[in-house]
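Colleague: Sharing a structure with you now.
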Amino acid sequence: MAKKNGDQEVKLTASLEDYLETILQLTRARPVARIKDIARARDVKAGSVSAAMKRLESLGLIRYERNEYIELTVEGARRAQKVLSRHLVLTSFFEEILDMPAGEAEAEACAMEHHLSDAAMDKFVRFFEFLRTCPGAPSNFLELFHGCRRLDGEAECGFHCSDPACIDDAWQKNRTTINALEHGQEGTVMHVGTAPAIRQRLLDMGILPGVKVKMERRAPGGDPVWIRIEGYQLSLRREEAEGVAVEV
Amino acid sequence: MLKKETPDPGAIRIAIAGQPNAGKTSLFNALTGSSRNVGNYPGVTVERRQGKYRFEGKQYDVVDLPGTYSLSSFSPEERVAQKELLDNMADVVVVVVDSTALTRSLVLLAQVIHLGANTVLALNMSDEAHAAGQFLDLDLMEELLGCPVVETEAHKRVGAQKLKSVIARAVEQPGEPRPPVLGERLSGALMSIESMLANTSVKREQRNWVACKLLLWDREFTPLVETQGEGGAEAVAQAAVLRKQIEEQTGEDISVFVAERYHGFAHGLVTETLRQRPRDDARVLSDAVDRVLVHRVLGLPFFLVVMYAIFWVTFTVGEHPMGWIENGFALLADLISANWHVDTTPALRSLVLDGVIAGVGGVVVFLPNIVLLFFGLALLEDTGYMARAAFLMDRLMHRFGLHGKSFLPMLTGFGCTVPGIMATRTLENERDRLVTMLVLPLMSCGARLPIWMLLVPAFFAPSMRAPMLGIIYLFGVVLALTLALLLRKTVLKGEEAPFVMELPPYRVPTLRAMLTKMMERSWLYIRKAGTVILGISILMWFVTSYPKADAHDIDAQIAADRATSQEEKGSIVAALNLKESFAGRLSIAIEPVFKPLGFDWKLVMGMIGSFAAKEVFVAQMGIVHSLGESGGRSESLREDLSRNYSSLAGVSLILFLLIATPCMATVAVTRRESGKWKWAALQFFGLTVLAYFISLVVFQGGLLLGFG
């Protein structure tokens, strides 16, 4: 099931991930970032920044209108946070545990953060975060960590783990997208995250967090899908259905 | 040429808003009867319907807003509806909702109220809701909303009178719609933004709404307000801060957060006023039908049968009335020519016979197809099968940048491009509509069949003829799909419009609703496209009739040919006149341009003629054919063609005729349906240039490879 989490998200290129990270850092200082700030921070031309921004906007990760301000959406902030925290964790892992010089650690982290597979990276990050930050971790923490990774909840974990990564994973166990629902299967909408225009239409049609959807059928070839929601029925294209996370 | 809309300054202005499929247009028809005017909003393909009615001695002007699910600013429909509501604040806004999907529909009501309109709520399809066992406390609903509520069954015109009197009351005593309760956090944020809008030109009653738009980072409002001085910029900045705050506190995207508040309001309203819940099995029958009609295996065959039936009715059944119309006009022409001697005012006689009568005939002849097709479309739409058809076909069509609903218009194109283009109305999205419209002429239409019947046997051996005909049709389809994809990537690129589509339960359509739709379309065609077609017909008549050939030349030619029979003389006169006409001169002048494609001026002449109507090519070729150098005229046109042109030139010619210059009726209808000459011009010149290059490559390539 853990693999499915990876499928839900559109894989971003390393450069787009870096842009998200930059926007996050810039918007910490003030509410919005501007193209030229981003260009300066990443030392690239404004033109290539706008192209990347259009792409990110179409993925529903930022808001970017003709006025040049840019701001992260909730989903964008989440993704950016993820990249940034990986970066920080990796850097400190190289520095603290492997005792590498700061510059080298930084460079290694930069290369690794994009190229490790999602699953491997997540495990690694969680492991390291666990080592460093889990305050109540007892001495047999390794066993506990494995217990936590099995996602069987806190009872088997043996202690209350407040690490968001840990909780997140347990919570995401039953998470999938509308598109992945099987015939007749029902799910509760958790998150609606696609390009702004499509998201607005989905919301207008009543696809909101907490609403129950049921997969009725698929068109020949599996696309579009036909769902039932609160007494009426809708048809969505595959890419629209993939943008809606549901919990089964 | 077009009837100018004359808004009565003293009239009361009513706007009808509603979601698609809520029965908005039926309600509009029920209110206005037959007095309506259908046009386009300037610059977009969004339809604008306007009508009027009198009630208790007062005049009411009604405008039917485009159907939208909400008042956001993503689609042209939404922008138009919102603009109409904000800028031309109507005296009363009637919000039509689908009673069988109340919560979702009431979101739009909440937004219209929020926008500050004097609102009346029409609970449409109330019969269906009652049949499902759903009953509401209307008095309580009126009280909670602060605006009048009426139940209607628009398709049966039930409730229209009641609605009229409620509207009249609402005009005299505007209700006090209570602003929707959107929760403390949102309301607080809106008030704080609103206060900064005080120094801008935003109207007072609309400020709260605009504040909400700013909070949502609306792509229309944000740049607009930002330029409105200090206050505007401040409000935008404040909205950014609050948005961030709300998102951080709730962990939700702002658009989700706001949508949830609106839905919460609608949901609360329904819960409070619901006296009896609808039975869960209300859709059981419809669902059972769906299990068969969109069945994994049976769905597609059934779909194809339905499509074929519509095609068959439109064109095969339509052939008969078309024949009557053609005969009728021929009869009329005979009658006139018999009673109007050739020598009395010959120019006027020719204008009437060959220009006006042929032109009007050319307009009317499409009517049977259009009437029948739109009856079929109305049937598909009103029963609800259209949405299923789109569901089944979308995957295939979407690959080429088209929409599931593009299928039927394109199929219709095999019969005739004109009704096909008119059928693109069924597509909700502007870009889908334009792409479908622009590539539609590539579907080889029925009028091109006589051309293929002439050319294919002329250039191909008997065993090759059937496959060639198949290849022609297939090539058109492949090119249309490729071009559609290309258009999506270039001229019509942009963010993909949402497909998300409602699948309403099957309904039994009313004959009246279908007839109304049918008549409206047909009338629209005659009035708007017909006038353009007639105009071009007369122009075509002129360029092919003037100037006349010198009588001396004709005598000389006839003498040289030693023509004996009266008939032969007549055809030589016709041919020489055509050669001397502007069209003939033009063909000769541009012959060098078409030489590399393997065409001579006679073929070019035929193509110019085919602009009037594709099949005219055959007739024109028949006329110029009699201009042969040899005396022996016994050979048929077909033999003449195969003797004078190589097979390679034949292929080049077929390709050119398939792709190039849509006929004038197509141009006129494209102009009318797309709302802009720009698109008609793009279609016309784009296809012609494309045809030129394809024919050029084929002909020159063929020569290099040693064919021909």
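In order, the protein sequences belong to chains A and B.
To convert, count from 1 in the first sequence and add 55; that's our numbering.
To convert, count from 1 in the second sequence and add 172; that's our numbering.
In this text, a Cβ means the ideal position worked out from N, Cα and C, and glycines have one as well.
Owing to the predicted nature of the structure, the values given are computational and were not obtained by experimental measurement.
(1) Using 10 angstroms around the beta-carbon of Asp-311 (chain B), count the other beta-carbons present and answer buried if the total reaches 16, otherwise exposed.
(2) Could you check where the beta strand (DSSP E) with Gln-231 (chain B) kicks off and where it finishes?
(3) Would you be able to state if there are at least three C-beta pairs under 8 Å between the region 544–564 of chain B and the region 673–684 of chain B?
(4) Between the C-alpha atoms of Ala-183 (chain B) and Ile-339 (chain B), what's the straight-line distance to the nearest angstrom?
(5) Return helix, strand or coil for Arg-226 (chain B), following the three-state DSSP convention.
(6) Just to make sure I have the definition right: I need the residues of chain A whose C-beta is within less than 9 Å of the C-beta of Ala-412 (chain B). Which are they?
(7) Along chain A, which residues have their Cβ under 7 Å away from the Cβ of Gly-190 (chain B)?
(8) If you measure from the beta carbon of Asn-279 (chain A) to each beta carbon in chain B, is any gap under 9 Å?
(9) Here's the rule: buried if 16 or more other CB atoms are within 10 angstroms of the residue's CB, otherwise exposed. What is Arg-447 (chain B)?
(10) Taking 9 Å as the CB-CB limit, is Leu-523 (chain B) close to chain A?
(11) Counting only beta-carbon atoms, is Ser-271 (chain B) nearer than 9 Å to chain A?
(12) Going by the CB atoms, is the gap between Ala-669 (chain B) and Asp-566 (chain B) shorter than 9 Å?
(13) When DSSP labels each residue in this structure, what does Asn-541 (chain B) get in the three-state scheme?
(14) Report the residues of the region 259–293 of chain B with a CB closer than 8 Å to any CB of chain A, ordered along the chain.
(15) Check the Cβ of Pro-264 (chain A) against every Cβ in chain B and list those closer than 8 Å, keeping chain order.
(16) From the DSSP output, which residues share a beta bridge with Leu-186 (chain B)?
(17) According to DSSP, simplified to helix, strand and coil, what is Lys-269 (chain A)?
(18) State buried or exposed for Glu-801 (chain B), treating a residue as buried only when at least 16 other CB atoms are found within 10 Å of its CB.
(19) Any idea if Glu-295 (chain A) is buried or exposed, counting beta-carbon neighbours within 10 angstroms, 16 or more meaning buried?
(20) Compute the Euclidean distance between the alpha carbons of Phe-831 (chain B) and Leu-614 (chain B), then round it to the nearest angstrom.
(21) When you compare only the Cα positions, how much space is there between Ser-759 (chain B) and Pro-768 (chain B)?
(22) Within 9 Å (strictly less), CB to CB, does Met-108 (chain A) reach chain B?
(23) Which chain B residues are close to Gln-288 (chain A), counting only those with a beta carbon under 7 Å from its beta carbon?
(24) Is the shortest distance between the beta-carbon of Asp-233 (chain B) and the beta-carbons of chain A less than 9 Å?
(25) Please confirm if Gly-668 (chain B) has its CB atom under 9 Å from at least one CB of chain A.
(26) Apart from the five residues just before and just after Tyr-124 (chain A), which ones in its own chain have a Cβ nearer than 7 Å to its Cβ?
(27) Relative to the alpha-carbon of Ala-370 (chain B), which residue among B:Thr-682, B:Phe-572 and B:Ala-405 has its alpha-carbon at the smallest distance?
(28) In this structure, does DSSP put Gly-360 (chain B) in helix, strand or coil?
(29) Nearest to Thr-243 (chain A) by alpha carbon, out of A:Arg-134, A:Ala-250, A:Leu-79 and A:Thr-232?
(30) Can you find the residues in the same chain that come closer than 6 Å, C-beta to C-beta, to Glu-250 (chain B), ignoring five residues on each side of it along the sequence?
(31) As an exercise, report each continuous alpha helix (DSSP H) stretch of at least 4 residues that is fully enclosed by the region 563–621 of chain B, in chain order.
(32) May I ask you to list the residues that DSSP assigns as paired with Glu-325 (chain B)?
(33) For a contact defined as C-beta to C-beta under 7 Å, what are the partners of Val-129 (chain A) on chain B?
(34) Please look up how many angstroms separate the CB atoms of His-435 (chain B) and Gly-261 (chain A), rounded, as I've assumed it's under 8 Å.
(35) Looking at the secondary structure, which residues open and close the alpha helix (DSSP H) in which Thr-247 (chain A) lies?
(36) Is the CB-CB distance between Thr-555 (chain B) and Val-456 (chain B) below 9 Å?
Modeller: In short, the structure shows the following:
(1) exposed
(2) 230–236
(3) Taking a cut-off of 8 Å for Cβ pairs, the region 673–684 of chain B and the region 544–564 of chain B touch, as three or more such pairs fall below it.
(4) 13 Å
(5) strand
(6) For a Cβ distance threshold of 9 Å, residue set Pro-86, Val-87, Tyr-124 and Glu-126 of chain A lies close to Ala-412 (chain B), ordered along the chain.
(7) Near Gly-190 (chain B) there are no residues of chain A at all, since even the closest Cβ is about 13 Å away, more than 7 Å.
(8) The residue you asked about is not Asn; residue 279 (chain A) is Pro in the sequence shown. Yes, Pro-279 (chain A) lies at the interface with chain B (some Cβ there is under 9 Å from its Cβ).
(9) Per the 10 Å Cβ criterion, exposed.
(10) It does not; no Cβ of chain A falls within 9 Å.
(11) no
(12) No, they are not a contact pair.
(13) helix
(14) Thr-272, Ala-273, Thr-275, Arg-276 and Val-279
(15) Glu-424, Val-428 and Glu-432
(16) The question names Leu, but residue 186 (chain B) is Ile in the sequence shown. DSSP lists B:Val-234 and B:Val-264 as the bridge partner or partners of Ile-186 (chain B).
(17) strand
(18) Confidence at Glu-801 (chain B) is low in this model, with a pLDDT of 44, below 50, so the placement of that residue is unreliable and no value is reported for it.
(19) buried
(20) The question names Phe, yet the displayed sequence has Ile at residue 831 (chain B). Each residue's alpha carbon lies about 6 Å from the other.
(21) 15 Å
(22) no
(23) Leu-675
(24) no
(25) For clarity, residue 668 (chain B) is Glu in the given sequence; the question names Gly instead. Interface residue, yes.
(26) Val-87 and Arg-89
(27) B:Ala-405
(28) helix
(29) Of A:Arg-134, A:Ala-250, A:Leu-79 and A:Thr-232, the smallest CA-CA separation from Thr-243 (chain A) is found for A:Thr-232.
(30) Cβ contact annotation for Glu-250 (chain B) (same chain, cutoff 6 Å, sequence separation greater than five): Thr-240 and Ser-244, in chain order.
(31) 579–585, 589–595 and 602–611
(32) B:Val-330
(33) Glu-419, Gly-423, Glu-424 and Asp-425
(34) 7 Å
(35) This sequence places Val at residue 247 (chain A); Thr is not what is there. Val-247 (chain A) -> not in any alpha helix (DSSP H); beta strand (DSSP E) instead, spanning 241–247.
(36) no
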